[in-house]
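K.L.:
There's a structure below that I have some questions on.
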Amino acid sequence: MANAAGLDWVEEAWTNARDKTRRIAGRIGANFPHASQGGVYVLEPPHWWTAGFWPGMLWLFVQGGGEEGLRRIAEACEEKLDDVLRDYTKLDHDIGFMWTLTSLASYKLTGHAESRRRALQAANYLAGRFNLKGRYIRAWNPWSENDDNAGIAIIDCAMNVPLLFWASAESGDPRYRHIAEAHLDTVLERFVRPDGSVYHIVRFDPETGDFLEGIGGQGFAPESAWSRGTAWALYGLSLAYHHSRKQAYLDAAKRVAHFFLANLPDDLVPHWDFRLPPEITKYRDSSAGACAASGLLLLSELVGGTESRLYREPAVRMLESLYRHYGAWDDEKEEGLIRHGTSHYPEGKNIDVPLIYGDYFFVEGLSRLRGNDKIFWQ
Ligand code: GLY
0 MANAAGLDWV EEAWTNARDK TRRIAGRIGA NFPHASQGGV YVLEPPHWWT
50 AGFWPGMLWL FVQGGGEEGL RRIAEACEEK LDDVLRDYTK LDHDIGFMWT
100 LTSLASYKLT GHAESRRRAL QAANYLAGRF NLKGRYIRAW NPWSENDDNA
150 GIAIIDCAMN VPLLFWASAE SGDPRYRHIA EAHLDTVLER FVRPDGSVYH
200 IVRFDPETGD FLEGIGGQGF APESAWSRGT AWALYGLSLA YHHSRKQAYL
250 DAAKRVAHFF LANLPDDLVP HWDFRLPPEI TKYRDSSAGA CAASGLLLLS
300 ELVGGTESRL YREPAVRMLE SLYRHYGAWD DEKEEGLIRH GTSHYPEGKN
350 IDVPLIYGDY FFVEGLSRLR GNDKIFWQ
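Each step along the sequence shown adds one to the number in numbering that gives the first Met the number 0, with nothing skipped, and position 13 is 12.
Structure (structure tokens):
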């Protein structure tokens, strides 16, 4: 695949990304980087939602062949997450991000029984967050005393529910899939707008399940369009169709994809929000671009036929733009692979820096272009 016309850069990008990952693996080791500050990845505690991306990226390189050192680090990261599995109060819905890219990745590649057990345990915790009345998966636990967020669901969770589809397929018990589909039906009903943009946060009444409001969250405003949230929806709904074959998910994934593509700047790497007033700086969010590109590659496979190039061609161009214009390949003082991500603009956190999920999805996109058929969310 990577040798197809116009894709010569893919092998070069893969080699650069792998070599840089090998170089930084010595310092980062079995830890959990999130955002790079001053060229150095800041490490987070293992319960932070980003804990899966570094080991997940290592697994992507391991399946390319060899890389024993990277495999050992990925396995040590997975073991470190055991403390988090035991410390239930620190777990929220990002269980899906965390264990899909650690235990499930490991199980898919190695068949380890302990990795399977961990992934099933994580799926049970995720399923336990389902609110029956509102038909949504609760996002977070209270951030502080008296914080009441029992009614909060967020679009990011579209990337968590693939773990539930896997748990049903693996165990033969349909409950997990039922919960995944109930949550995704709520996403269609309450998060995805007619124009294909999405709400980041929706608040429900946790007792009655009634819809209360859409909230801006990490986007600029309630009715703006946070680009990473749009990418989570694009990729998550494509995965939902992949797992369920429900046409409504595919239709919605296409609608979100068209909105995303129609709002890209010339270099195809999105600003952090697609609806910003002129006085707000339009920082890029390269992580949204990388996630959307990998999702678009899946979408192009799902639609097949002549329609597939509608999604594949921009995805390839997005990844090439990230490689050529955002990659920190020759900068020895920068640990991140892909520059110019924006984690949380409204809170002023990690703006215009490399983010580990941007690096992960960039490598995952390359991995797809190289013909890899083991994508951990699938
Ligand atoms: N899941 C949080 C974020 O996308 O920043």
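The C-beta atom is built at its ideal place from N, Cα and C for all residues, glycine as well. Keep in mind it's a predicted model, so treat the numbers as computed, not measured.
#1: DSSP three-state call for residue 257: helix, strand or coil?
#2: Looking only at C-alpha atoms, which of 162, 24 and 50 sits nearest to residue 334?
#3: Assign residue 17 to one of two classes, buried (16 or more other C-beta atoms within 10 Å of its C-beta) or exposed (fewer than that).
#4: Might you give, ordered along the chain, the residues of its own chain that have their beta carbon closer than 8 Å to the beta carbon of residue 108, omitting 5 neighbours on each side?
#5: Have a look at 202, 14 and 20 and flag the residue whose alpha-carbon is nearest the alpha-carbon of residue 148.
#6: How is residue 182 classed by DSSP in three states: helix, strand or coil?
#7: Does any heavy atom of the ligand GLY sit closer than 7 Å to the C-beta of residue 377?
#8: Return the residue from the list 196, 197 and 213 that minimises the CA-CA distance to residue 204.
#9: Please classify residue 253 as buried or exposed, where buried requires at least 16 other C-beta atoms within 10 Å of its C-beta.
#10: Does DSSP classify residue 270 as helix, strand or coil?
#11: Is residue 207 buried or exposed, if buried means 16 or more other CB atoms sit within 10 Å of its CB?
#12: What does DSSP give as the partner residue(s) for residue 348 in the beta ladder?
#13: What residues in its chain sit with their C-beta under 8 Å from that of residue 275, if we drop five residues either side in the sequence?
#14: Could you tell me which of 238, 336 and 308 sits nearest to residue 249, measuring between CA atoms?
#15: I'd like the span of the beta strand (DSSP E) that includes residue 32, first residue to last.
#16: Going by beta carbon distance, what residues of the same chain come within less than 6 Å of residue 317, once the five residues before and after it are set aside?
#17: Which residues are close to the ligand GLY, meaning CB closer than 6 Å to any heavy atom, in chain order?
#18: Between residue 134 and residue 92, which are expected to be in contact by the criterion C-beta below 8 Å, what is the C-beta distance as a whole number of angstroms?
#19: Which of the three DSSP states is assigned to residue 25 in this structure?
#20: So, do the stretch 189 to 201 and the stretch 163 to 170 have three or more beta carbon pairs nearer to each other than 8 Å?
#21: How should residue 50 be labelled, buried or exposed, when 16 other C-beta atoms within 10 angstroms of its C-beta is the threshold for buried?
#22: Just the C-alpha distance for residue 31 and residue 355, rounded to the nearest angstrom, thanks.
#23: Which one or two residues does DSSP pair with residue 213 in a beta bridge?
#24: Would you check if the stretch 294 to 305 and the stretch 319 to 332 touch, i.e. whether three or more CB-CB distances between them fall below 8 Å?
#25: In chain order, what residues of the same chain lie with their CB nearer than 7 Å to the CB of residue 104, ignoring the 5 residues before and after it?
#26: May I ask you to verify whether the stretch 332 to 350 touches the stretch 254 to 264, counting CB pairs closer than 8 Å and requiring at least 3?
#27: Taking the alpha carbon of residue 163 as the reference point, which residue from 194, 114, 121 and 75 has its own alpha carbon closest?
#28: Taking residue 22 as the reference, which of 9, 34 and 39 has the closest Cα?
#29: Measuring alpha carbon to alpha carbon, tell me which of 236, 195, 189 and 150 ends up nearest residue 179.
#30: Can you tell me the Cα-Cα spacing of residue 393 and residue 82, whole angstroms?
#31: Ends of the alpha helix (DSSP H) at residue 151?
#32: Name, in chain order, the residues that DSSP records as bridge partners for residue 136.
#33: Quick one: which unbroken alpha helix (DSSP H) runs of 4-plus residues sit fully inside the stretch 273 to 338? Chain order, please.
#34: Would you tell me roughly how many angstroms separate the C-alpha atoms of residue 36 and residue 231, rounded to the nearest one?
#35: Based on Cα-Cα distance, which residue from 126, 342, 99 and 114 lies nearest to residue 172?
P.N.:
Per the coordinate set shown:
#1: As a position in the sequence shown, residue 257 is number 258, starting the count at 1. In this structure, residue 257 counts as helix in the three-state DSSP scheme.
#2: Translated into the one-based positions of the sequence shown, residue 334 becomes position 335. The candidate whose alpha carbon is nearest that of residue 334 is 24.
#3: In the sequence shown, counting from the first residue as 1, residue 17 sits at position 18. Residue 17 comes out buried.
#4: Within the sequence shown, residue 108 is the residue found at index 109, counting from 1. Counting only Cβ-Cβ distances below 8 Å, and skipping sequence neighbours, we find 58, 61, 62 and 373.
#5: Within the sequence shown, numbered from 1, the residue matching residue 148 stands at position 149. Of 202, 14 and 20, the residue nearest in Cα terms is 202.
#6: Indexing the sequence shown from 1 puts residue 182 at position 183. Note: residue 182 maps to helix in three-state DSSP.
#7: Taking the first residue of the sequence shown as 1, we reach residue 377 at position 378. For the ligand GLY, not one heavy atom lies less than 7 Å from the Cβ of residue 377.
#8: As a first step, residue 204 must be located in the sequence shown, where it is residue number 205. Closest by C-alpha distance to residue 204, out of 196, 197 and 213, is 213.
#9: Mapped onto the sequence shown, residue 253 falls at position 254. Buried, since its Cβ has 16 or more Cβ neighbours within 10 Å.
#10: Sequence index remark: in the sequence shown, residue 270 carries index 271 (1-based). Residue 270 falls in the strand class under three-state DSSP.
#11: Translated into the one-based positions of the sequence shown, residue 207 becomes position 208. By the beta-carbon neighbour count (other beta carbons within 10 angstroms, threshold 16), residue 207 is exposed.
#12: Against the sequence shown, residue 348 aligns to sequence position 349. Paired residues: 343.
#13: As a working mapping, residue 275 is identified with position 276 in the sequence shown. Excluding sequence neighbours, residue 275 sits near 219, 223 and 281.
#14: Locating residue 249 in the sequence shown gives position 250, where the first residue counts as 1. Among 238, 336 and 308, the Cα nearest to that of residue 249 is on 238.
#15: Start at 1 with the first residue of the sequence shown, and residue 32 comes out as number 33. Here the beta strand (DSSP E) through residue 32 covers 32 to 36.
#16: Translated into positions along the sequence shown, residue 317 becomes position 318. Spatial neighbours of residue 317 in its own chain (CB-CB distance under 6 Å, excluding positions within 5 residues in sequence) are listed in chain order as 267, 288 and 292.
#17: 48, 155, 217, 227 and 342
#18: In the sequence shown, counting from the first residue as 1, residue 134 sits at position 135. In the sequence shown, counting from the first residue as 1, residue 92 sits at position 93. Not really, about 14 Å apart at Cβ, beyond 8 Å.
#19: By one-based count along the sequence shown, residue 25 stands at place 26. Looking at residue 25 - three-state DSSP - the assignment turns out to be helix.
#20: No: the two stretches stay apart, fewer than three of their Cβ pairs being nearer than 8 Å.
#21: Against the sequence shown, residue 50 aligns to sequence position 51. So residue 50 counts as buried.
#22: Position 32 of the sequence shown, counting from 1, holds the residue named residue 31. Position 356 of the sequence shown, counting from 1, holds the residue named residue 355. In a straight line, the C-alpha of residue 31 is about 9 Å away from that of residue 355.
#23: If you number the sequence shown from 1, residue 213 lands on position 214. Looking at the DSSP assignment, residue 213 forms a beta bridge with 201.
#24: no
#25: Counted from its first residue, the sequence shown places residue 104 at position 105. Here the set comprises 55, 58 and 375.
#26: no
#27: Locating residue 163 in the sequence shown gives position 164, counting from the first residue. Nearest C-alpha to residue 163: 121.
#28: Taking the sequence shown and counting its residues from 1, one reaches residue 22 at position 23. When only C-alpha atoms are compared, the closest one is 39.
#29: Along the sequence shown, one-based indexing puts residue 179 at 180. Comparing Cα positions, the closest option is 236.
#30: Residue 393 lies beyond the range of the chain shown here (0 to 377); nothing can be said about it.
#31: Sequence index remark: in the sequence shown, residue 151 carries index 152 (1-based). Run containing residue 151: none in the alpha helix (DSSP H); it sits in the beta strand (DSSP E), 151 to 153.
#32: For the purposes of this step, residue 136 is identified with residue 137 of the sequence shown, where counting begins at 1. DSSP lists 129 as partners of residue 136.
#33: 285 to 302 and 307 to 320
#34: The residue you call residue 36 lines up with position 37 of the sequence shown. The residue you call residue 231 lines up with position 232 of the sequence shown. So the two alpha carbons sit approximately 24 Å from each other.
#35: On the sequence shown, residue 172 is found 173 positions in, with the first residue counted as 1. Looking at the Cα atoms, 126 is the closest of the given residues.
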